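Protein sequence lines, in the order shown, are assigned to chains A and B. Counting with my numbering, you get residues 1 to 475 for the letters of the first sequence. Counting with my numbering, you get residues 476 to 860 for the letters of the second sequence. Each residue gets a CB set at the ideal place from its N, CA and C atoms; glycine is no exception. Computed from a predicted model, the values in this text were never measured in an experiment. Below is one structure, written out as structure tokens; comments come after it.
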Amino acid sequence: MTKIQMNGYEDSYVIEGKMALPYTYFAGRVGSKFITTIRDQKKIMGVKCPACNMVYLPPRQVCDKDFTDIRDKWVEVSNTGTVVNFTVVRYDDKHLPRKAPFVLALIKLDGADTPFMHILEECTIENVKIGMNVEAVFAKETTNTILDIDHFKPAAERLSVHEINAARKQWVPADEPDTQEKRRGGRPDMSKPVIITAALTGAATMRNQNPSVPYKPEEFAEEAYKCWKAGAAMVHAHAREDGGMTTHDHGRIKATFDAIKDRCPDLIVNLSSAVGMGVTPEQRISQIVAIKPDMASLNTNTMNFGIVERKTGKIFIDYVFENTFTMLQDFGKAMEENGVKPEIECYDIGGLDNTLLIGKQGIFSDPMNFNFVWGVAGGQAFRSEAFIAMMNALPAKANFTTCGVGTDQYPCIMQSCILGGHMRVGLEDNTRMPNGALAKGSYEQVEVAVSIANALGRPVATTAEARLIMGLRKR
Amino acid sequence: MSKRVAIVGTGQTFHKSHRPDVNGQEIINEAVMRALEDADLKIKEIDAIVIGNMDHFEGINYVDCWSVDGSGGMMKPIIKLTTGGTTGCTVAIGGYHLVGSGMFDRVMIIGWEKNSESDTTGAITTAFDPVWDRLVFAGAISGLAAEAQAYMARYGATDRDGARVSVRDRKHATHNPHAHLRKEVSLEDVLASPMLADPIHLLDVCPRSDGACAVIMASEDVAEKICPKPDWIWATATRHSYSYLGDADYGRLTSMREGSQELWKKTGIKEPRKELDVIELYQPYSFGGLIWIEDMGIVGPGEAPQYIWDGNTDMGGELPINPSGGVIATNPIGATGLIRCAEAAMQVMGKAEGRQVPDVNFAFSSGFGGCWWTDMILHGRKKPE
């Protein structure tokens, strides 16, 4: 210790000292696992709240929003992410982590919802911007702290579906040879774009099953936008009231439709002609005629459409979904006359045959667009052979897509993509991801569909291509 | 609260970058004596003391213990409250709770700092998690810079908008004899000052000051006997929102939004822009003066720059902000929040002299701390119902 005299205060003394306090600090059980996973596997792990779907990084023991215990809800996040915010530190201080100037960035890793602070290096400071992609550079030697990620550096640019699509030749109908024969042999043209549809709500999926189910028009618009961004060319929507009940109110359905169209003018919107239980045929079709969406669902047979516990067979809701021949005929005519392309829903091969039979009247314009639906309690469960039988029963120019309830979802869309068909995902059909975790929204399932298309080398259809393929009216 | 609570006296030291003439006890005593003098009370009439400063900002901790000679706390109940940057406002809220509970009639509230004796960044760094945040933490300024950067990206504001706030506060400070920096600066001065962390220039941020502040609160049973026109506390609110550095919504101060909504709800204020008469905002850097008044609901998101450029928050404007010169002019951190409270009280009591805003009915004061937490007080001329 020294004593210093100050000018002008000759009789005042200042003691100079230094506090250096050694300490230990337990990283915590959650923190320790994060560190050992980086150290041993070079993997970055976050925790995901099952109640609100937030993925936290740094991981923590409870959800900041709802205090749910999330300490063992580990999910892997990517080593790459996005700069959500940054500053350039231009002054030096002995406590700062680097010599100035350096970039301090808030980085949100792909798969995480919370960003965290770190240093960005190996970059030109002037080129750093919000939204740039970065990747973690792991430390050579472990320190058992966040510095096991030594820093971040700019990542090789990853292209979005839209960027990839903008760079490739657009599909035109002339590109398609008569594929019916090829299709019959199960050897379709893999260069034909695959249309991804996201079914945002359905009539039965509620927020207590997945908090991302949209109810309000603006929520539909936001979900639809995310799905479009991820690669969907079409959304299928059942409007809801604020509290989540299905509705056949024209105003509400129109508001929902308009909100989606305002947010994503290009996106194809497919409305439902089955708007909940206990509505009349008139209520089911009048809203379609009034709103005239690009497409609407057309159901093909009267069937059980219930809720049955899968494990025990116990019946929760027993309901007959009425779709008589007359309705099939009248709804089909009303749609075609109003420029609304029907999406023909087949819950088994009988529904397909019903359509071909009634279609002899000349109701349906080519190409017809079928959707093979799997896993409804009352309809068929997904079987590969059944899928092929249905595909082989289609008229020559028809398109097909498919969707499956619950765990049928991913297998059925994968088979469809292999066979040259299209894919529908979304929270209407399934609330979860392939690993069983709740999906953050339909868009996350769209991302899975995109990865299936990528794996098979099929381009993801743009909205314009989807309109051409399905024979929809122009925007 | 079972008792209504009023501020009946305030005292501040003269604030400088270095007060070599006083130590901790002595600077605390300076503020305490001025508050007693202002309220015309003797120390024996004080029932309890609330005191606070920043952890590790001086060569000595546990101010509640060693300061009794200066604070007058010998053989009185003393409680220390330390919440980082918000400390000054938190001690006031703590005092309000003690008096409001009915257990004490007159409470002395003290905030102080000899900032010149600290290794500020070293001390602040100890507030951050040693595993996740501390090793990449780059000082208080960098965090604020990230907020400003996000706000600019979101709403298209510029560094000129921030500079305009500095110009205002530094001009206001020329009317406050207690202010540390009392020289006007121009827009050009601010923009030409060294860039610390983009987009923050040196003159966008607060200085480090030595100083202390004391406030005396009294219950409704005695307040008007001590002071015929006391400053009534209408409501307080506190919000914390921090686990880790990355958790905040950079570009919006969520704690301010939630806390001020609680304040307006508790007091029936519908239009804060019209109903408040003056604001003493804990605003350690210029951009906070834009972002946070939007979160308070004074103006809508992205509207603050125009509102400020139009002169609405200058002295004589619709809603003057920081007549004292605010934190950009004076910053003894542990006292800073309490100075906001004292200055707001002086405005209500009509004692703000050269910086007085006419006819103050409602005044707002706040505290702000390192990782986006906020506390606040609504002061009023009338006794709350």
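So the alpha helix (DSSP H) residue i belongs to, where does it begin and stop?
{"i": "residue 730 of chain B", "result": "729–742"}
{"i": "residue 388 of chain A", "result": "384–392"}
{"i": "residue 596 of chain B", "result": "595–600"}
{"i": "residue 443 of chain A", "result": "442–456"}
{"i": "residue 250 of chain A", "result": "250–263"}
{"i": "residue 325 of chain A", "result": "325–337"}
{"i": "residue 809 of chain B", "result": "808–824"}
{"i": "residue 296 of chain A", "result": "Premise fails: residue 296 of chain A lies in the beta strand (DSSP E), 295–299, not in any alpha helix (DSSP H)."}
{"i": "residue 749 of chain B", "result": "747–750"}
{"i": "residue 478 of chain B", "result": "Looking at the DSSP string, residue 478 of chain B is not in any alpha helix (DSSP H), and its letter there is neither H nor E."}
Using a 10 Å radius around the Cβ and a threshold of 16 neighbouring Cβ atoms, would you call residue i buried or exposed?
{"i": "residue 317 of chain A", "result": "exposed"}
{"i": "residue 847 of chain B", "result": "buried"}
{"i": "residue 816 of chain B", "result": "buried"}
{"i": "residue 92 of chain A", "result": "exposed"}
{"i": "residue 853 of chain B", "result": "buried"}
{"i": "residue 812 of chain B", "result": "buried"}
{"i": "residue 445 of chain A", "result": "buried"}
{"i": "residue 462 of chain A", "result": "buried"}
{"i": "residue 126 of chain A", "result": "exposed"}
{"i": "residue 531 of chain B", "result": "buried"}
{"i": "residue 41 of chain A", "result": "exposed"}
{"i": "residue 533 of chain B", "result": "buried"}
{"i": "residue 440 of chain A", "result": "buried"}
{"i": "residue 118 of chain A", "result": "buried"}
{"i": "residue 544 of chain B", "result": "exposed"}
{"i": "residue 26 of chain A", "result": "exposed"}
{"i": "residue 1 of chain A", "result": "With a pLDDT of only 46 at residue 1 of chain A, under 50, the local geometry of the prediction cannot be trusted, and no value is derived from it."}
{"i": "residue 15 of chain A", "result": "exposed"}
{"i": "residue 447 of chain A", "result": "buried"}
{"i": "residue 477 of chain B", "result": "exposed"}
{"i": "residue 743 of chain B", "result": "exposed"}
{"i": "residue 374 of chain A", "result": "buried"}
{"i": "residue 627 of chain B", "result": "buried"}
{"i": "residue 634 of chain B", "result": "buried"}
In terms of residues, what are the limits of the beta strand (DSSP E) holding residue i?
{"i": "residue 785 of chain B", "result": "It is not in any beta strand (DSSP E) - residue 785 of chain B carries neither H nor E in the DSSP assignment."}
{"i": "residue 523 of chain B", "result": "523–527"}
For residue i versus residue j, is the C-beta distance shorter than 8 Å?
{"i": "residue 841 of chain B", "j": "residue 720 of chain B", "result": "no"}
{"i": "residue 590 of chain B", "j": "residue 522 of chain B", "result": "no"}
{"i": "residue 596 of chain B", "j": "residue 683 of chain B", "result": "no"}
{"i": "residue 625 of chain B", "j": "residue 726 of chain B", "result": "yes"}
{"i": "residue 616 of chain B", "j": "residue 665 of chain B", "result": "no"}
{"i": "residue 583 of chain B", "j": "residue 524 of chain B", "result": "yes"}
{"i": "residue 225 of chain A", "j": "residue 264 of chain A", "result": "yes"}
{"i": "residue 383 of chain A", "j": "residue 401 of chain A", "result": "no"}
{"i": "residue 308 of chain A", "j": "residue 347 of chain A", "result": "no"}
{"i": "residue 299 of chain A", "j": "residue 323 of chain A", "result": "yes"}
{"i": "residue 526 of chain B", "j": "residue 711 of chain B", "result": "no"}
{"i": "residue 303 of chain A", "j": "residue 378 of chain A", "result": "yes"}
{"i": "residue 395 of chain A", "j": "residue 404 of chain A", "result": "no"}
{"i": "residue 609 of chain B", "j": "residue 804 of chain B", "result": "no"}
Between residue i and the ligand FMN, is there a pair consisting of the residue's CB and a ligand heavy atom that are separated by less than 7 Å?
{"i": "residue 550 of chain B", "result": "Judged by which ligands are present, the structure shown has none, so any question about the ligand FMN falls away."}
Please list, in chain order, the residues of the stretch 80–114 of chain A that have any C-beta partner in chain B closer than 7 Å.
85, 86, 87, 88, 89, 90, 91, 93, 95, 96, 97, 104, 106 and 114
Just list the beta strand (DSSP E) runs in the stretch 346–390 of chain A, keeping only unbroken ones of 3 residues or longer that don't cross its boundaries, in chain order.
369–374
Which residue spans inside the stretch 122–185 of chain A form an unbroken alpha helix (DSSP H) run of at least 4?
161–167 and 180–184
Between the stretch 761–795 of chain B and chain A, which residues of the former have a C-beta closer than 7 Å to a C-beta of the latter?
none
Output, in sequence order along the chain, the residues in the stretch 718–750 of chain B whose CB is closer than 7 Å to any CB in chain A.
718, 719, 720, 721, 722 and 725
Quick one: complete beta strand (DSSP E) runs, 3+ long, within the stretch 616–685 of chain B?
670–672
For the stretch 43–66 of chain A, which residues have a beta carbon sitting closer than 9 Å to at least one beta carbon of chain B?
56, 57, 58, 60 and 64
Please list, in chain order, the residues of the stretch 134–164 of chain A that have any C-beta partner in chain B closer than 7 Å.
145, 146 and 147
Where the stretch 544–559 of chain B meets chain A: residues whose CB sits under 7 Å from a CB there
none
Return the residues of the stretch 590–609 of chain B that lie within a Cβ-Cβ distance of less than 7 Å from chain A, sorted by chain order.
596, 597, 600, 605, 606, 607 and 608
Length-filtered (3 minimum) beta strand (DSSP E) runs lying within the stretch 535–586 of chain B
553–555
Using a Cβ-Cβ cut-off of less than 9 Å, give me the residues of the stretch 512–540 of chain B that come near chain A, in sequence order.
531 and 534
Going along the chain, which residues of the stretch 117–132 of chain A sit with their C-beta nearer than 8 Å to a C-beta in chain B?
117, 118, 119 and 130
Please name the residues in the stretch 615–649 of chain B whose beta-carbon is closer than 7 Å to at least one beta-carbon of chain A, in chain order.
617, 620, 621, 624, 625 and 628
Residues from the stretch 678–695 of chain B in contact with chain A, defined by Cβ distance under 7 Å
none
Of all the alpha helix (DSSP H) runs that stay within the bounds of the stretch 266–324 of chain A, which reach a length of 4 or more residues?
281–291
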